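Heads up: the structure comes next, in C-alpha cells.
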Amino acid sequence: MHAILPLLLIQEAAAEEAKGGLLSPHGGLMFWTLAIFLVLWFILTKFAFKPITAAVEAREKALEDAIVAAKVDREEAAKILAEHRAQIEAARAEAQRIIVEGRQTGEKLRAGMIEETRAQQQDMLERARREIDSEKTKAIAELRREDVVESGDLPHLVIYGKGGKSRVVPLPPNPLAELLAYGLPKRGPVFLRGGRPVTGRYVSGTCNRWLHRAGIQESLHKLRHRYATQVLDHGAHIRDLQELLGHETLAATAVYTRVLPRRAAPVVAAVDHPLI
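For the sequence shown, the numbering used here begins at 3 and goes up steadily by one.
Below, the structure written as C-alpha cells:
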C-alpha cells in the first residue's frame, strides 16, 4: 500500500501538470518528489552506500596493492637482470682469461718444445761429432803397417770405417816422410806406446797438445774443416772431397766446407753478360 501511494500521487501530479502545463509549478508534486528523494537517500545511506564505499575502497586498495606488487616485481626483475648481466660479463671475462692463459700456456709449451728440440738436436750433433772424432782418432790409432802403401805412383793409406768399409786416402810426401822417419814396423800397429797399441783418446789428446804447443789453438776436428776448405780452395771437386772425408752423402760434405770470398768472386766475375 505504501509503495502504491507514491505512484498514485505521481500520476495525479502528472494529470494536474497536463492540465496546467509542463512548466507550471505544483506544490504537491514537488513535496512528494523531495520526500521520495529523501526516502531513497536514507535507504541508500542505510543499506547501500557503506557496501558500495567499502567495495570501492577495497577495489582501490587492491589496485594500490597490485601497483605496489608490480613495482616490487619490476625492481626484482631489474635486480635479477642486473645480476644476470653481471654473471654474463663475469663469465665473458673468465672465458677471455682462460683463452689468454691457454694461449700463454700454449706459447710456453711451444717455446719449451722448440727449446727442448733444439737442445736435443744440439746434443745429437755433439754426440755425432764426438763419435766422428772418436772414429777418426780410432782409425789413426788402429792404423797398421799393412795399410800404409808407400811404393808405387800413388802412396796412400787404407782407412777402415764402420761396417768394415774401407777407402783409399792419398798420402802426400811430407806425411809419408814423417812416417818413414818415425819408423814403420814390419807388420802390425804403426803407433805403439809401451809396446801396446795406442787408443783413440790418446791420439786425440796428444795431437791437441802438440797443436797448442805449436801455437795452433784448434783441435784435431777443426783441422778437418780447414783441410776441407783448403782442398776446395785449390780447385778440388766437392765429389772428390766427399771421398777423401769418407762421407756417405754430399750434404754431409757441404756442412764441413764453406765458400771463400776469394774463390766466389772469380765465379761471379765470369758472368760478363746480362742474364736477361
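All residues carry an ideal CB built from backbone N, CA and C; glycine is no exception. This structure is a prediction, so every number in the text was calculated from the model and none was measured.
Item to check | Simplified DSSP assignment, three categories, for histidine 158 | outcome: Here the question's residue 158 lines up with position 156 in the sequence shown. Three-state result, histidine 158: strand.
Item to check | Inter-residue Cα distance where the pair is phenylalanine 44 and tryptophan 34 | outcome: On the sequence shown, residue 44 is found 42 positions in, with the first residue counted as 1. On the sequence shown, residue 34 is found 32 positions in, with the first residue counted as 1. Using only the alpha carbons, I get a separation of about 15 Å.
Item to check | the segment 142 to 152 / the segment 174 to 189 touching (three or more Cβ pairs under 8 Å) | outcome: Yes, the segment 142 to 152 touches the segment 174 to 189.
Item to check | Element boundaries [beta strand (DSSP E), containing leucine 170] | outcome: By one-based count along the sequence shown, residue 170 stands at place 168. Note that residue 170 is valine in the sequence shown, not leucine. Run containing valine 170: 168 to 172, per the beta strand (DSSP E) assignment.
Checklist entry - At a cut of 8 Å, does the segment 235 to 242 reach the segment 214 to 227 through at least three beta carbon pairs? => result Because the criterion of three Cβ pairs below 8 Å is not met, the segment 235 to 242 and the segment 214 to 227 do not touch.
Next on the checklist: With DSSP as the reference, identify every bridge partner of proline 191, one or two as the case may be.
Outcome noted: Within the sequence shown, the letter at position 189 stands for residue 191. Paired residue(s): Arg146.
Checklist entry - How is valine 102 classed by DSSP in three states: helix, strand or coil? => result Translated into the one-based positions of the sequence shown, residue 102 becomes position 100. Taken through DSSP and simplified to helix, strand or coil, valine 102 comes out as helix.
Item to check | Contacting residues, own chain, Cβ-Cβ under 7 Å from asparagine 210 (five flanking each side not counted) | outcome: Residue 210 sits at position 208 when you count from the first residue of the sequence shown. Around asparagine 210: Ser221 and Leu222.
Next on the checklist: Could you compute how far the alpha carbon of glycine 1 sits from the alpha carbon of lysine 110?
Outcome noted: Lying outside 3 to 278, the shown extent of the chain, residue 1 is not represented and no answer is given.
Checklist entry - When the Cα atoms are used, what is the spatial distance from glycine 163 to glutamine 106? => result Stepping through the sequence shown from its first residue, residue 163 is reached at position 161. Stepping through the sequence shown from its first residue, residue 106 is reached at position 104. One alpha carbon belongs to glycine 163, the other to glutamine 106, and they sit about 49 Å apart.
Next on the checklist: Using CA atoms only, rank isn't needed, just tell me which of Leu156, Glu77 and Ile161 is closest to arginine 169.
Outcome noted: For the purposes of this step, residue 169 is identified with residue 167 of the sequence shown, where counting begins at 1. It is Ile161.
Item to check | Range of the contiguous alpha helix (DSSP H) that encloses threonine 208 | outcome: The sequence position of residue 208 within the sequence shown is 206, counting from 1. Here the alpha helix (DSSP H) through threonine 208 covers 202 to 215.
Checklist entry - leucine 243 and threonine 231: beta carbons closer than 7 Å? => result For this step, residue 243 is matched to residue 241 along the sequence shown. For this step, residue 231 is matched to residue 229 along the sequence shown. Not a contact, by the Cβ cut-off of 7 Å.
Checklist entry - What is the rounded straight-line gap between the Cα of threonine 251 and the Cα of arginine 146? => result For the purposes of this step, residue 251 is identified with residue 249 of the sequence shown, where counting begins at 1. For the purposes of this step, residue 146 is identified with residue 144 of the sequence shown, where counting begins at 1. If you take the alpha carbons of threonine 251 and arginine 146, they lie about 27 Å apart.
Item to check | Whole-angstrom distance between proline 157 and valine 192, CA atom to CA atom | outcome: As a first step, residue 192 must be located in the sequence shown, where it is residue number 190. As a first step, residue 157 must be located in the sequence shown, where it is residue number 155. Approximately 16 Å between the Cα atoms of the pair.
Checklist entry - Which term fits isoleucine 142, buried or exposed, when burial requires 16 or more other beta carbons within 10 angstroms of its beta carbon? => result Within the sequence shown, the letter at position 140 stands for residue 142. Per the 10 Å Cβ criterion, buried.
Next on the checklist: In the DSSP output, which residue or residues are listed as bridge partners for proline 53?
Outcome noted: Looking up residue 53 in the sequence shown gives position 51. Answer is none; proline 53 lacks a bridge partner.
Checklist entry - At what residues does the alpha helix (DSSP H) containing histidine 227 begin and finish? => result The residue labelled residue 227 in the question sits at position 225 within the sequence shown. Looking at the DSSP string, the run of the alpha helix (DSSP H) that includes histidine 227 is 222 to 235.
Checklist entry - Hey, leucine 159 and leucine 173: beta-carbon distance below 7 Å or not? => result Residue 159 sits at position 157 when you count from the first residue of the sequence shown. Residue 173 sits at position 171 when you count from the first residue of the sequence shown. For leucine 159 and leucine 173, yes; Cβs fall inside 7 Å.
Next on the checklist: From the DSSP secondary-structure annotation, give me the bridge partner or partners of arginine 61.
Outcome noted: Locating residue 61 in the sequence shown gives position 59, where the first residue counts as 1. In the DSSP output, where bridge partners are listed per residue, arginine 61 has none listed.
Item to check | Cα-Cα separation between arginine 61 and proline 53, rounded to whole angstroms | outcome: Sequence index remark: in the sequence shown, residue 61 carries index 59 (1-based). Sequence index remark: in the sequence shown, residue 53 carries index 51 (1-based). So the two alpha carbons sit approximately 12 Å from each other.
Checklist entry - Could you give the residue range of the alpha helix (DSSP H) that holds glutamate 152? => result Within the sequence shown, residue 152 is the residue found at index 150, counting from 1. Where glutamate 152 is concerned, there is no enclosing alpha helix (DSSP H), because DSSP gives it neither an H nor an E.
Next on the checklist: On the criterion of 16 or more Cβ atoms from any shown chain inside 10 Å, does threonine 55 qualify as buried, or is it exposed?
Outcome noted: In the sequence shown, counting from the first residue as 1, residue 55 sits at position 53. Result: exposed.
Item to check | Straight-line gap, lysine 167 to aspartate 155 (C-alpha atoms, nearest Å) | outcome: In the sequence shown, counting from the first residue as 1, residue 167 sits at position 165. In the sequence shown, counting from the first residue as 1, residue 155 sits at position 153. Rounded to whole angstroms, lysine 167 to aspartate 155 spans 24 Å at the Cα level.
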